[in-house]
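**Q**
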């Protein structure tokens with residue numbers, strides 16, 4: 068099983084890269100992961116609603132192109148309106164995917180969300196939190212949760228949940 072994180076945006080602050088890299092290094096023996104950075108649409112200073120829809124569309128096309136560039140993989144989209152999944156639930160979903168041999172593309176959309184086309188193609192719509200999180204922080208939280216879930220599946224003592 069491979070997990071590809073398709074993330075809109077690049078040039079992350081050093082603290083984001085450091086946090087992401089730490090969990091990325093830790094998870095590799097358990098789960099092959101990589102991040103694919105997708106360029107954010109160039110934004111106007113005071114965008115209209117039509118501009119925002121255009122940005123989502125442009126970024127959505129790039130997300131779907133990256134997703135379609137490989138063989139079959141499930142498409143999981145991080146979306147504030149998605150289903151909340153506990154860490155233990157994530158561990159179960161990853162274990163199930165590994166048994167089925169499924170690869171996963173996890174989408175972190177742009178600052179204005181993801182396009183309706185990406186949402187329509189999603190196999191899973193997952194909300195990390197009801198809170199609004201800074202876009203760069205999502206990379207670190209996502210990678211940590213993947214690591215935590217895999218540590219559960221591998222009986223590693225990192226996770227000390229109930």
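Numbering (the numbering used here), first residue to last: 68 to 229. The beta-carbon is built from N, C-alpha and C at its ideal position, and this holds for glycine as well.
Restricting to Cα atoms, I'd like to know which of 168, 159, 115 is closest to residue 221.
**A** Here residue 221 refers to the residue found at position 154 of the chain shown. Among 168, 159, 115, the Cα nearest to that of residue 221 is on 159.
**Q** Please classify residue 218: does DSSP put it in a helix, a strand, or coil?
**A** For the purposes of this step, residue 218 is taken as residue 151 along the chain shown, with counting starting at 1. Here residue 218 sits in helix by DSSP.
**Q** Beta-carbon separation of residue 214 and residue 94 under 7 Å?
**A** Position 147 of the chain shown, counted from the start, is the residue given in the question as residue 214. Position 27 of the chain shown, counted from the start, is the residue given in the question as residue 94. Yes, they are a contact pair.
**Q** For a test of the three-state rule: what should DSSP assign to residue 79, helix, strand or coil?
**A** Locating residue 79 in the chain shown gives position 12, where the first residue counts as 1. Coil.
**Q** Across which residues does DSSP place residue 99 in a beta bridge pair?
**A** Stepping through the chain shown from its first residue, residue 99 is reached at position 32. DSSP, once it has assigned bridges, lists 69 as partnering residue 99.
**Q** With a Cβ-Cβ cutoff of 7 Å, do residue 149 and residue 194 count as a contact?
**A** For the purposes of this step, residue 149 is taken as residue 82 along the chain shown, with counting starting at 1. For the purposes of this step, residue 194 is taken as residue 127 along the chain shown, with counting starting at 1. Yes; because the gap between Cβ atoms is below 7 Å, this pair is in contact.
**Q** On the CB-based measure, 16 or more other CB atoms within 10 Å of its CB, does residue 19 come out buried or exposed?
**A** Given that the chain is displayed from residue 68 to residue 229, the structure contains no residue 19 and the question cannot be resolved.
**Q** Can you list, in chain order, the residues of its chain with a C-beta nearer than 8 Å to that of residue 99? Leave out the 5 residues immediately preceding and following it.
**A** Numbered from its first residue, the chain shown carries residue 99 at position 32. Around residue 99: 68, 69, 70.
**Q** Can you say whether residue 217 is buried or exposed, counting buried as having 16 or more other CB atoms within 10 angstroms of its CB?
**A** Walking along the chain shown from the start, residue 217 turns up at place 150. Counting Cβ neighbours within 10 Å, residue 217 comes out buried, since at least 16 surround it.
**Q** For the alpha helix (DSSP H) containing residue 188, name the first residue and the last one.
**A** Stepping through the chain shown from its first residue, residue 188 is reached at position 121. Note, residue 188: alpha helix (DSSP H), 183-188.
**Q** Return the chain-ordered ranges of every beta strand (DSSP E) run that is complete within the stretch 123-190 and spans a minimum of 3 residues.
**A** Segments of the beta strand (DSSP E) lying fully in the stretch 123-190: 141-151, 171-175.
**Q** Between the C-alpha atoms of residue 129 and residue 164, what's the straight-line distance to the nearest angstrom?
**A** On the chain shown, residue 129 is found 62 positions in, with the first residue counted as 1. On the chain shown, residue 164 is found 97 positions in, with the first residue counted as 1. If you take the alpha carbons of residue 129 and residue 164, they lie about 25 Å apart.
**Q** If we ignore side chains and look at the alpha-carbon of each, how far apart do residue 197 and residue 92 end up?
**A** Within the chain shown, the letter at position 130 stands for residue 197. Within the chain shown, the letter at position 25 stands for residue 92. Computed Cα separation, rounded: 28 Å.
**Q** Between the beta-carbon of residue 219 and the beta-carbon of residue 74, is there less than 7 Å?
**A** Residue numbering aside, residue 219 sits at position 152 when the chain shown is read from its first letter. Residue numbering aside, residue 74 sits at position 7 when the chain shown is read from its first letter. Their beta carbons are not under 7 Å apart, which means residue 219 does not touch residue 74 by this criterion.
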